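Protein chains in written order, with this note's numbering: chain A, 391 to 922; chain B, 18 to 108.
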Amino acid sequence: MSAGCTGALRGGVLHLTLDSRGSSVNVFSPAVALELEKELQSGLAAGARAVVLRSGKRGSFVNGVGLLLAASSHDEGAAMERARTLQRCYERLASAPVPTVAAISGNCYGCGLELALTCDYRLAADGYDTHFYMPELRDYAFIPLFGGTQRLPRLLGLRQGMRLLLGERIGAGEAARVGLVDRLAPKADLDRELRSFLRDLGARGWPKRTLAVPRPSAPEPLETLPGPERPLAEEALRLARLPSSPGYRLEDGLRRELEGFWRSVGSQQSTRAMSFFFVRQAAKAHAIGSASYARPERLTLAAQPRSPALRKLSKLLRERRLPGIELRARGPIAFAAKKVRGSFTCVLGPPGSGGECAACLLFPEEQIPVIELVPPSPSRPWRRGAALFQVLEQAGFAPVVTRARGRFVSERLITAFRDAVGGHPARDALLGFGFRLPRALRQRVAPGAEEGAADRLVQALARECVRALDEGELTHPSQADLLAHALFGFPVIHGGLLRYAAEGASPIAPAAARALGRAVRRSASGSEPQGP
Amino acid sequence: MVRSRRQDPELFQDVRDALVALVPRRMRARITPEASILADLGLDSLKVVELTMLLEKQLGRPVFLPEWIASVDDPADLTVGSLARFLSERK
Numbered sequence: 391m392s393a394g395c396t397g398a399l400r401g402g403v404l405h406l407t408l409d410s411r412g413s414s415v416n417v418f419s420p421a422v423a424l425e426l427e428k429e430l431q432s433g434l435a436a437g438a439r440a441v442v443l444r445s446g447k448r449g450s451f452v453n454g455v456g457l458l459l460a461a462s463s464h465d466e467g468a469a470m471e472r473a474r475t476l477q478r479c480y481e482r483l484a485s486a487p488v489p490t491v492a493a494i495s496g497n498c499y500g501c502g503l504e505l506a507l508t509c510d511y512r513l514a515a516d517g518y519d520t521h522f523y524m525p526e527l528r529d530y531a532f533i534p535l536f537g538g539t540q541r542l543p544r545l546l547g548l549r550q551g552m553r554l555l556l557g558e559r560i561g562a563g564e565a566a567r568v569g570l571v572d573r574l575a576p577k578a579d580l581d582r583e584l585r586s587f588l589r590d591l592g593a594r595g596w597p598k599r600t601l602a603v604p605r606p607s608a609p610e611p612l613e614t615l616p617g618p619e620r621p622l623a624e625e626a627l628r629l630a631r632l633p634s635s636p637g638y639r640l641e642d643g644l645r646r647e648l649e650g651f652w653r654s655v656g657s658q659q660s661t662r663a664m665s666f667f668f669v670r671q672a673a674k675a676h677a678i679g680s681a682s683y684a685r686p687e688r689l690t691l692a693a694q695p696r697s698p699a700l701r702k703l704s705k706l707l708r709e710r711r712l713p714g715i716e717l718r719a720r721g722p723i724a725f726a727a728k729k730v731r732g733s734f735t736c737v738l739g740p741p742g743s744g745g746e747c748a749a750c751l752l753f754p755e756e757q758i759p760v761i762e763l764v765p766p767s768p769s770r771p772w773r774r775g776a777a778l779f780q781v782l783e784q785a786g787f788a789p790v791v792t793r794a795r796g797r798f799v800s801e802r803l804i805t806a807f808r809d810a811v812g813g814h815p816a817r818d819a820l821l822g823f824g825f826r827l828p829r830a831l832r833q834r835v836a837p838g839a840e841e842g843a844a845d846r847l848v849q850a851l852a853r854e855c856v857r858a859l860d861e862g863e864l865t866h867p868s869q870a871d872l873l874a875h876a877l878f879g880f881p882v883i884h885g886g887l888l889r890y891a892a893e894g895a896s897p898i899a900p901a902a903a904r905a906l907g908r909a910v911r912r913s914a915s916g917s918e919p920q921g922p
Numbered sequence: 018m019v020r021s022r023r024q025d026p027e028l029f030q031d032v033r034d035a036l037v038a039l040v041p042r043r044m045r046a047r048i049t050p051e052a053s054i055l056a057d058l059g060l061d062s063l064k065v066v067e068l069t070m071l072l073e074k075q076l077g078r079p080v081f082l083p084e085w086i087a088s089v090d091d092p093a094d095l096t097v098g099s100l101a102r103f104l105s106e107r108k
């Protein structure tokens with residue numbers, strides 16, 4: 391039985407299809423890599439004139455290499471052997487004697503993007519879920535290990551290459567603009583575009599791509615990054631500069647990249663950052679009953695009529711090209727508070743329902759805006775919630791589900807933020823600690839390195855989260871951690887907010903430790919939460 | 018089958034029950050203390066999150082598996098038995 395890669399020779403073209411067994415998304419494991427290598431070799435031996443790499447999973451080209459492997463690899467010999475198996479597969483594809491084409495639809499993340507980069511050409515479906523993203527530095531605090539630091543700057547130049555390496559997420563249109571993607575296909579027509587591309591390629595004699603030397607470009611200054619992220623970013627920049635150095639050889643660059651990966655993945659920062667993946671997914675699982683990927687075909691939402699909120703939301707959804715989303719005018723606003731500039735609240739739900747959940751969208755100008763969703767009843771299962779959550783998440787929002795009563799939990803936390811550091815000369819202190827504040831909040835803090843500001847903010851946020859957990863407005867500690875990260879950019883290198891607060895010696899530590907336990911017992915029993 | 022001397026049978030049963038709900042029926046016979054959750058049971062990181070939820074419900078207490086994942090030398094050491102031991106050590 392296939393682990394996740396099958397090959398078929400059709401019309402002289404080898405079609406390699408990735409479809410990880412038993413997983414809702416494609417995971418490029420060593421077993422899949424070995425299959426890909428074998429299929430590639432036998433296809434080439436059978437006379438393939440071109441190779442097409444694509445995904446059999448809807449919404450996922452490749453989502454990752456399997457975080458379990460990275461997080462549990464501490465024995466250098468075995469880990470390097472696995473990495474070399476994968477690297478060999480990447481290099482076999484890169485050195486194929488015939489043109490290779492990645493046909494991308496859905497999330498193209500990390501090692502999946504690096505796999506697409508080994509191909510000569512990239513086609514992408516212009517859909518809401520086609521995103522290109524390198525999570526390694528930003529989410530997991532390690533150096534990528536499958537050529538990203540070498541091939542991104544070679545293809546895009548240093549400036550755009552570093553943008554992606556540092557964790558900027560871009561859609562298909564932007565990928566085409568910067569040269570990451572050679573041709574865009576309307577969402578439903580990737581197959582047609584691929585056929586046309588292959589016809590053109592055949593008519594030109596099946597050429598391999600010759601990489602033009604990108605124009606020299608300077609990367610954005612690293613000083614704007616949160617302090618703890620800078621050393622790793624500097625290391626990535628050193629690696630990304632290699633391709634433009636005299637006498638450069640790709641294999642040397644790849645070797646140095648792998649050394650950089652191994653040095654970084656064993657750090658405490660990286661261990662904590664990887665643990666945050668599980669916190670994030672646990673928050674999702676508690677919100678909608680599953681961490682697995684599922685894609686609704688169609689979703690109709692109702693929102694309050696003729697309000698500026700509805701217009702803003704419509705515009706955001708249009709920009710993100712969500713298919714099957716229809717906005718209808720219906721329902722009152724549950725919480726009318728508008729305490730945060732730029733934020734808005736509305737009721738979302740299927741037509742005729744009178745509103746399914748209250749929604750508060752914060753910082754809509756940010757790349758990944760936070761949207762807090764509050765279902766109407768804590769006791770009844772929220773049937774459509776999973777569909778709404780998944781669509782919003784795949785469109786690049788950060789959905790968080792709470793049981794807020796009368797006031798959104800995110801608003802409570804923002805008030806806590808203002809009370810702790812608003813107007814204080816603390817901007818540099820917070821950046822130094824690692825907070826990645828959204829612009830609207832950054833402006834609320836004056837420049838300066840006020841001593842103790844970061845600690846004060848951590849404690850204030852932890853205290854408010856503990857209260858929300860005690861009051862049952864948050865039902866699992868992972869939701870508190872996710873909110874602190876999504877709203878204030880609490881740094882992943884410290885793991886989750888509550889665990890960080892619980893491990894310290896601050897006055898909030900005992901309450902944070904208690905919250906890490908008590909909230910779960912309550913949520914697991916399914917009983918209604920008690921007041922404080 | 019040799020079981021680890023430190024194996025906690027009660028928690029092994031809890032872990033087994035949670036895994037039964039997660040792995041395909043034909044693979045259930047493979048749920049032994051020595052089975053690797055990756056190589057033998059085919060779990061990925063998202064399935065581990067589902068496993069966490071099931072264990073929290075069953076045990077009625079928080080379960081934070083990243084600590085277990087980071088505690089081994091090699092992914093092959095992420096066995097069902099080692100998970101049961103991890104959970105019993107953190108009772």
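Glycine included, every Cβ here is placed at the ideal spot set by N, Cα and C.
Bear in mind that the values here come from a model prediction, so they are computed numbers and not experimental data.
Exercise for the section: State the Cα-Cα distance for the pair A/G796 and A/S665, rounded to the nearest angstrom. Expected result: Position 406 of the first sequence holds residue 796 of chain A. Position 275 of the first sequence holds residue 665 of chain A. Their Cα atoms are separated by approximately 33 Å.
Practice task
Please look up how many angstroms separate the CB atoms of A/A420 and A/L505, rounded, as I've assumed it's under 8 Å.
Solution key: One-based indexing of the first sequence puts residue 420 of chain A at position 30. One-based indexing of the first sequence puts residue 505 of chain A at position 115. Correcting the residue type first, residue 420 of chain A is Pro in the shown sequence and not Ala. With a contact defined as Cβ atoms closer than 8 Å, A/P420 and A/L505 miss out at about 13 Å.
Practice task
Would you verify that the beta carbon of A/H464 is, or is not, closer than 8 Å to some beta carbon of chain B?
Solution key: By 1-based counting over the first sequence, the position of residue 464 of chain A is 74. Among the CB atoms of chain B, one or more fall inside 8 Å of the CB of A/H464.
Practice task
Compile a chain-ordered list of the residues in the stretch 397 to 418 of chain A whose CB is closer than 9 Å to at least one CB of chain B.
Solution key: With the criterion set as a beta carbon lying under 9 Å from some beta carbon of chain B, the members of the stretch 397 to 418 of chain A are S410, R411, G412, S413, S414, V415, V417, in sequence order.
Handout entry: Contact under 8 Å by Cβ, B/L55 with B/L68
Key = By 1-based counting over the second sequence, the position of residue 55 of chain B is 38. By 1-based counting over the second sequence, the position of residue 68 of chain B is 51. Against a cut-off of 8 Å, the Cβ pair of B/L68 and B/L55 comes out as no contact.
Problem - Short CB-CB distance (under 8 Å) between B/D57 and chain A - result: Locating residue 57 of chain B in the second sequence gives position 40, counting from the first residue. When Cβ-Cβ separations below 8 Å define contact, B/D57 makes no contact with chain A.
Practice task
Starting from the Cα of A/D590, find the closest Cα among A/P489, A/P881, A/P609 and give me that residue.
Solution key: The residue given as residue 590 of chain A occupies position 200 in the first sequence. Nearest to A/D590 by alpha-carbon distance, out of A/P489, A/P881, A/P609, is A/P489.
Practice task
Pick helix, strand or coil for A/A727, following the three-state DSSP scheme.
Solution key: Your numbering for residue 727 of chain A matches position 337 in the first sequence. Bear in mind that a pLDDT of 44 at A/A727, under 50, signals an unreliable position, so the number given afterwards is only what the model happens to contain. Coil, per DSSP.
Problem - Listed by chain order, chain A residues near B/P92 by CB distance under 7 Å - result: As a first step, residue 92 of chain B is located in the second sequence; it is residue number 75 there, counting from the start. Close to B/P92, with beta-carbon spacing below 7 Å, are these residues of chain A in chain order: L458, L459, S462, S463.
Problem - Short-range partners of chain A found in the stretch 54 to 87 of chain B, where Cβ spacing is below 7 Å - result: Residues of the stretch 54 to 87 of chain B that bring their beta carbon within less than 7 Å of a beta carbon in chain A comprise L55, G59, D61, S62, L63, V65, V66, E67, T69, M70, E73, K74, G77, R78, P79, L82, P83, I86, A87, in sequence order.
Exercise for the section: Measure the Cβ-Cβ separation of A/G537 and A/Y480 and say whether it is below 8 Å. Expected result: Residue numbering aside, residue 537 of chain A sits at position 147 when the first sequence is read from its first letter. Residue numbering aside, residue 480 of chain A sits at position 90 when the first sequence is read from its first letter. For the pair A/G537 and A/Y480, the CB atoms are nearer than the 8 Å cut-off.
Problem - Rounded Cβ spacing between A/P604 and A/G547 (contact assumed at less than 8 Å) - result: The residue labelled residue 604 of chain A in the question sits at position 214 within the first sequence. The residue labelled residue 547 of chain A in the question sits at position 157 within the first sequence. About 4 Å; that satisfies the 8 Å criterion.
Problem - Rounded separation between A/A724 and A/H464 - CA only - result: For the purposes of this step, residue 724 of chain A is identified with residue 334 of the first sequence, where counting begins at 1. For the purposes of this step, residue 464 of chain A is identified with residue 74 of the first sequence, where counting begins at 1. Annotation note: pLDDT 39 at A/A724 (below 50); position unreliable, coordinate value reported separately. Computed Cα separation, rounded: 50 Å.
Handout entry: Residues bridged to A/R573 [DSSP beta-bridge criterion]
Key = Here residue 573 of chain A is taken as the residue at index 183 of the first sequence, counted from 1. The partner list for A/R573 (beta bridge, DSSP) reads A/L513.
Problem - Residues that A/L906 contacts on chain B, provided the C-beta gap is smaller than 7 Å - result: Residue 906 of chain A sits at position 516 when you count from the first residue of the first sequence. The contact set of A/L906 on chain B, defined by CB atoms closer than 7 Å, consists of P79 in chain order.
Problem - Extent of the continuous alpha helix (DSSP H) to which A/R567 belongs - result: Translated into positions along the first sequence, residue 567 of chain A becomes position 177. Where A/R567 is concerned, the enclosing alpha helix (DSSP H) starts and stops at 562 to 568.
Handout entry: Separation of A/R808 from A/S660, as counted between CA atoms
Key = As a first step, residue 660 of chain A must be located in the first sequence, where it is residue number 270. As a first step, residue 808 of chain A must be located in the first sequence, where it is residue number 418. Rounded to whole angstroms, A/S660 to A/R808 spans 30 Å at the Cα level.
Problem - Beta carbon of A/A844 nearer than 8 Å to that of A/L820 - result: Stepping through the first sequence from its first residue, residue 844 of chain A is reached at position 454. Stepping through the first sequence from its first residue, residue 820 of chain A is reached at position 430. Yes. Within cutoff.
Handout entry: 8 Å Cβ cutoff met for A/L583 and A/L513
Key = As a position in the first sequence, residue 583 of chain A is number 193, starting the count at 1. As a position in the first sequence, residue 513 of chain A is number 123, starting the count at 1. Note on identity: in this sequence residue 583 of chain A is Glu, with Leu being the wrong assignment. Cβ distance < 8 Å, so A/E583 and A/L513 count as in contact.
Exercise for the section: Give the range of the beta strand (DSSP E) segment to which A/S450 is assigned. Expected result: Reading the first sequence from its first residue, position 60 is the one you call residue 450 of chain A. From DSSP, the beta strand (DSSP E) with A/S450 extends over 450 to 452.
Practice task
Could you tell me which uninterrupted alpha helix (DSSP H) segments, each at least 4 residues in length, are contained entirely in the stretch 863 to 912 of chain A, listed from first to last along the chain?
Solution key: Complete alpha helix (DSSP H) runs here, min 4: 867 to 878, 887 to 893.
Exercise for the section: Tell me whether the beta-carbon of A/S800 lies closer than 8 Å to the beta-carbon of A/L859. Expected result: Residue numbering aside, residue 800 of chain A sits at position 410 when the first sequence is read from its first letter. Residue numbering aside, residue 859 of chain A sits at position 469 when the first sequence is read from its first letter. Between A/S800 and A/L859, the CB-CB gap reaches or exceeds 8 Å.
Practice task
Please report how far the alpha carbon of A/G744 lies from the alpha carbon of A/A899, in whole angstroms.
Solution key: Here residue 744 of chain A is taken as the residue at index 354 of the first sequence, counted from 1. Here residue 899 of chain A is taken as the residue at index 509 of the first sequence, counted from 1. With a pLDDT of 46 at A/G744, under the threshold of 50, the modelled position of this residue cannot be trusted; read the value that follows with caution. Rounded to whole angstroms, A/G744 to A/A899 spans 42 Å at the Cα level.
Handout entry: Euclidean distance between Cα positions of A/A417 and A/E893
Key = Here residue 417 of chain A corresponds to residue number 27 of the first sequence, with the count starting at 1. Here residue 893 of chain A corresponds to residue number 503 of the first sequence, with the count starting at 1. Here residue 417 of chain A is Val; the residue named in the question, Ala, does not match the sequence. Roughly 33 Å separates the two Cα atoms.
Problem - Closer than 8 Å at the beta carbon, the chain B residues around A/S680 - result: As a position in the first sequence, residue 680 of chain A is number 290, starting the count at 1. Those are E67, listed as they occur along chain B.
Problem - A/F532 (DSSP reduced to helix, strand or coil) - result: Your numbering for residue 532 of chain A matches position 142 in the first sequence. Three-state result, A/F532: coil.
Handout entry: Chain-order list of residues whose beta-carbon lies under 6 Å from that of A/Q550 (same chain, five-residue window excluded)
Key = By 1-based counting over the first sequence, the position of residue 550 of chain A is 160. Within the same chain, V568 come within 6 Å of A/Q550 by CB-CB distance, once the 5 residues on both sides are set aside.
Handout entry: Three-pair Cβ contact test at 8 Å for the stretch 429 to 436 of chain A versus the stretch 401 to 413 of chain A
Key = In short, these stretches touch, since the Cβ pair count reaches three.
Practice task
Could you tell me whether the Cβ atoms of A/C855 and A/L831 are closer together than 8 Å?
Solution key: Taking the first sequence and counting its residues from 1, the one referred to as residue 855 of chain A is at position 465. Taking the first sequence and counting its residues from 1, the one referred to as residue 831 of chain A is at position 441. Pairing A/C855 with A/L831 gives a Cβ-Cβ distance that is not under 8 Å.
Practice task
Check the Cβ-Cβ distances between B/V32 and every residue of chain A, and say whether any is below 8 Å.
Solution key: As a first step, residue 32 of chain B must be located in the second sequence, where it is residue number 15. No, because no Cβ of chain A sits closer than 8 Å to the Cβ of B/V32.
Problem - Reduced DSSP category for A/A836 - H, G, I as helix; E, B as strand; rest coil - result: Counted from its first residue, the first sequence places residue 836 of chain A at position 446. Strand at A/A836.
Exercise for the section: Identify every residue that forms a DSSP beta bridge with A/A440. Expected result: Walking along the first sequence from the start, residue 440 of chain A turns up at place 50. Beta-bridge pairing links A/A440 to A/V403.
Problem - Beta-carbon contacts of A/P722 that lie in its chain and below 6 Å, excluding the five residues immediately before and after - result: If you number the first sequence from 1, residue 722 of chain A lands on position 332. Summary for A/P722: the model assigns pLDDT 39, below 50, so the residue's position carries little reliability; its value from the coordinates is reported in the next sentence. Within the same chain, A/P722 has no close Cβ partners at all.
Exercise for the section: Please decide whether A/T805 counts as near chain B, where near means a Cβ-Cβ distance under 8 Å. Expected result: In the first sequence, counting from the first residue as 1, residue 805 of chain A sits at position 415. No, because no Cβ of chain B sits closer than 8 Å to the Cβ of A/T805.
Practice task
Report yes or no: is there a C-beta of chain D within less than 8 Å of the C-beta of B/V89?
Solution key: In the structure shown, chain D cannot be found, because the protein chains are A and B.
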